[in-house]
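Position 58 (the sequence shown) corresponds to 58 in UniProt numbering; numbering is contiguous.
Here is the structure we will look at, set down as structure tokens.
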Amino acid sequence: MPELPEVETIRSYLDSVLAGKAIMSVPHLDDRMVKRSLKNGAEIRAALVGQTFGSVRRRGKFLLLGLASSPDALMIHLGMSGRLVTESLDAPYRPHTHLVVRYSGGELRLSDPRRFGRIAWVESGGLWGPHLGMEPLSSAFSSKTLGEILKGRKVAIKSALLNQNLVAGLGNIYADEALFYAGIHPQRPAGSLDVDELKRLVRGIRAVLRRSIEHRGTSFSDYVDALGHPGENQGYLKVYGREGKACRRCGTPIQRQVVGGRSSHYCPHCQRLTETSSEGAHHAEI
Numbered sequence: 001m002p003e004l005p006e007v008e009t010i011r012s013y014l015d016s017v018l019a020g021k022a023i024m025s026v027p028h029l030d031d032r033m034v035k036r037s038l039k040n041g042a043e044i045r046a047a048l049v050g051q052t053f054g055s056v057r058r059r060g061k062f063l064l065l066g067l068a069s070s071p072d073a074l075m076i077h078l079g080m081s082g083r084l085v086t087e088s089l090d091a092p093y094r095p096h097t098h099l100v101v102r103y104s105g106g107e108l109r110l111s112d113p114r115r116f117g118r119i120a121w122v123e124s125g126g127l128w129g130p131h132l133g134m135e136p137l138s139s140a141f142s143s144k145t146l147g148e149i150l151k152g153r154k155v156a157i158k159s160a161l162l163n164q165n166l167v168a169g170l171g172n173i174y175a176d177e178a179l180f181y182a183g184i185h186p187q188r189p190a191g192s193l194d195v196d197e198l199k200r201l202v203r204g205i206r207a208v209l210r211r212s213i214e215h216r217g218t219s220f221s222d223y224v225d226a227l228g229h230p231g232e233n234q235g236y237l238k239v240y241g242r243e244g245k246a247c248r249r250c251g252t253p254i255q256r257q258v259v260g261g262r263s264s265h266y267c268p269h270c271q272r273l274t275e276t277s278s279e280g281a282h283h284a285e286i
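Given below as structure tokens:
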């Protein structure tokens, strides 16, 4: 599933290309992809045609395509396998194309073989409510605020980081990478982290997200950016997808363990499972 860096990479490009472009038509919109929306498919088509794209924003893993003359937005979630790309008018459609928005100069196309994605019409501020957690790259995200979020929680820290109601945008890849950076075992109770660990974890989250954005995201199978190009961050990962391979820091084989129903990758030496303290933890260089 595309996580924050992948969605941010797409957002940045689309914002530079779409803002100010007139929406000519919506040749295709699969109603099955319209979920929990203020408008149905036909209403979305009618609301878009004749409008002009405004800014493209991101909230967690959600993209919001703004309109110049309306506070509302078209929201897109890529699900597990979604691709949102710009194409020339004469480019052939990919299989499983569910949305085509024609604008002056090209088309915006969403394809999603597994159809776990979502299209919805949202009101201004609709994704800034309490149901989504803090943005980890925002200035408000700090060791203090993270500590307040995690206080008293007995769930594993890996599971807490994946909870979009707590922190918005993290997924399996960057939760594993951030925990390695901070030297924290993924099974540690979330509420047991001390001040130093919280500081390291916030630094780790920011560092791995920024690094991935710099390399245009991580591609293993489905993810491509809005130009259809794969990301390049996979070669920089320290633990995710490296089960059995030597830790880049200490040489210990990376292990994989299911935590909260999700695969977690970690170094058993650099991320020792202790009850509370930072004892034995190794801060990983990014």
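Backbone N, C-alpha and C define an ideal beta-carbon position, used for all residues, glycine too.
None of the values given here were measured: they were computed from a predicted structure.
> Can you tell me whether Glu-279 is buried or exposed, with buried defined as 16 or more other CB within 10 angstroms of its CB?
Replying inline: Note that Glu-279 scores a pLDDT of 41, beneath 50, so its modelled location is shaky and nothing firm can be said.
> Below 8 Å, can you find three or more Cβ-Cβ pairs linking the region 207 to 219 to the region 5 to 23?
Replying inline: yes
> What is the DSSP secondary structure of Pro-186, counted as helix, strand or coil?
Replying inline: For Pro-186, the three-state secondary structure derived from DSSP is coil.
> So which of Leu-74, Ala-178 and Asp-196 has the shortest CA-CA distance to Glu-43?
Replying inline: Leu-74
>> Taking the alpha carbon of Met-1 as the reference point, which residue from Arg-94, Arg-118 and Val-34 has its own alpha carbon closest?
In response: Arg-118
> For Glu-123, does the three-state DSSP call read helix, strand or coil?
Replying inline: In the three-state reduction of the DSSP assignment, Glu-123 falls in the coil class.
> Can you tell me whether DSSP reads Glu-279 as helix, strand or coil?
Replying inline: Residue placement at Glu-279 cannot be trusted, given a pLDDT of 41 that sits under 50; what the coordinates show is reported in the next sentence. Shown here, Glu-279 sits in coil according to DSSP, grouped into three states, outside any helix or strand.
>> Could you check whether the region 67 to 81 touches the region 24 to 31, counting it as contact only if at least three pairs of C-beta atoms, one from each stretch, sit closer than 8 Å?
In response: no
>> My output table needs one value for Ile-44: the three-state DSSP class, helix, strand or coil.
In response: helix
> For the candidate residues Asp-222, Gly-241, Val-224 and Arg-272, whose alpha-carbon lies nearest to that of Glu-197?
Replying inline: Arg-272
> What residue does the alpha helix (DSSP H) around Pro-27 start on, and which one ends it?
Replying inline: Element bounds for Pro-27: not the alpha helix (DSSP H) but the beta strand (DSSP E), 23 to 29.
> How would you write the range of the alpha helix (DSSP H) that Thr-97 sits in, first residue to last?
Replying inline: No alpha helix (DSSP H) contains Thr-97, which is instead part of the beta strand (DSSP E) from 97 to 103.
> What are the complete beta strand (DSSP E) segments, minimum 3 residues, inside the region 227 to 257?
Replying inline: Counting whole runs of 3 or more residues, the region 227 to 257 contains no beta strand (DSSP E) stretch at all.
> Who pairs with Thr-52 in a beta bridge, going by DSSP?
Replying inline: Ala-22
> Where does Glu-87 sit, in a helix, a strand or coil, going by DSSP?
Replying inline: strand
>> Suppose the cutoff is 6 Å on Cβ atoms and the five residues either side in sequence are ignored; what does the same chain contact list for Arg-256 look like?
In response: Its chain contains Glu-243, Ser-263 and His-265 as the residues whose beta carbon lies nearer than 6 Å to that of Arg-256, once the 5 sequence neighbours on both sides are disregarded; these appear in chain order.
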